[in-house]
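2 is the number of the first residue of the sequence shown in my numbering; add one for each residue after it.
Virtual Cβ for every residue (Gly too), placed ideally from N, Cα, C.
In this text, all values refer to a predicted model and were calculated from it rather than measured experimentally.
Notes follow the structure.
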Amino acid sequence: MARSAVQGFYRYHAYIYDWTRWTILHGRKRAVARLELEPDSDVLEVGCGTGLNFRYVLERLDPARGRLVGLDFSGDMLRQARKRIAARGWRNVELVEADAARMDLGRRFHGILFAYSLTMIPDWPAAIERAAAHLAPGGRLVVLDFSRFAAWGPLGALMRGWLRLNHVETLRPYEDKLRATFPRVDVSYWLGGYNFTAVCQA
Ligand SMILES: C[S@@+](CC[C@H](N)C(=O)[O-])C[C@H]1O[C@@H](n2cnc3c(N)ncnc32)[C@H](O)[C@@H]1O
2 MARSAVQGFY
12 RYHAYIYDWT
22 RWTILHGRKR
32 AVARLELEPD
42 SDVLEVGCGT
52 GLNFRYVLER
62 LDPARGRLVG
72 LDFSGDMLRQ
82 ARKRIAARGW
92 RNVELVEADA
102 ARMDLGRRFH
112 GILFAYSLTM
122 IPDWPAAIER
132 AAAHLAPGGR
142 LVVLDFSRFA
152 AWGPLGALMR
162 GWLRLNHVET
172 LRPYEDKLRA
182 TFPRVDVSYW
192 LGGYNFTAVC
202 QA
């Protein structure tokens, strides 16, 4: 498969990701809490990157019974995630290199998280559909991502433009697609549309 623009972008950003993104990527812990995990939950993070959300998921799981799968199509980001897992000694985390729009893991999950990944996936409707197919009955899928900066006036256009230069598309109808896919969807916005959290139930 030819390397996509996003994979090319992370070829280099993988090395600086952890010490730069804390400035802009907020709300991780709150989003994981919305998954309402049990100690024995099976969890999938789609577009897990270097694994910055793993600790928030793992602190809710029993290491012997709960499991986490991190999926990403960037081998460079997964290499950093692998180092994090080894350094922390986490034994119930598995990494999968795959495209979210085509994923087929052959199993279902109680919780599925997209954290700042959906807006970077070119075929994002397919990624939502594939995730829905992986959600167990009664499970929850949570999306945390940039919103449209609706209350930011002219600064909103600047933010959207800057994010687009970084392969993040904020103006697609994410909420509509989630509502068309899941029977129950609750969406909340933070800081005048800086980001949104969507909680979807199967
Ligand atoms: C902004 S990072 C977010 C990483 C992590 N979720 C976090 O919260 O720090 C976006 C991630 O989505 C991944 N990604 C983008 N498109 C993807 C796709 N089609 N399939 C799998 N992963 C993808 C990128 O490789 C990148 O690691």
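key: Through-space distance from F74 to L136, alpha-carbon basis   = 20 angstroms
Whole beta strand (DSSP E) elements within the stretch 31-81, 3-residue minimum = 43-47 and 68-73
query = So what does I25 bridge to, in DSSP terms?
reply = Paired residues: none, contrary to the question.
inquiry  = Whether or not the stretch 47-56 and the stretch 71-88 are in contact is what I'm after, with contact meaning three or more pairs of Cβ atoms, one per stretch, closer than 8 angstroms; do they touch?
reply    = yes
ask   = With S148 and T171 assumed to form a contact (beta carbons below 8 angstroms), what rounded beta-carbon distance in angstroms separates them?
value = 7 angstroms
inquiry  = Taking its Cβ as the centre, do 16 or more other Cβ atoms sit within 10 Å of S189, making it buried, or is it exposed?
reply    = exposed
Residue(s) in a DSSP beta bridge with V144 = In the DSSP output, where bridge partners are listed per residue, V144 has F115 and A199.
key: Of the listed residues A199, I17 and V94, nearest to L114 (C-alpha basis)   = A199
inquiry  = One question on the structure: do V47 and L72 come within less than 8 angstroms of each other, judged by their Cβ atoms?
reply    = Remark: C-beta atoms of V47 and L72 approach each other more closely than 8 angstroms.
key: Cβ-based neighbour list, R29, same chain, cut-off 8 angstroms, excluding 5 preceding and 5 following   = L53, N54, Y57, A116 and L145
message = For a test of the three-state rule: what should DSSP assign to D19, helix, strand or coil?
response = helix
inquiry  = In this structure, how does DSSP classify F110 when only helix, strand and coil are distinguished?
reply    = strand
query = From what residue to what residue does the beta strand (DSSP E) around L172 run?
reply = No beta strand (DSSP E) holds L172; DSSP gives it neither H nor E.
message = Using the Cβ count rule (16 or more neighbours within 10 Å means buried), how would you classify L159?
response = exposed
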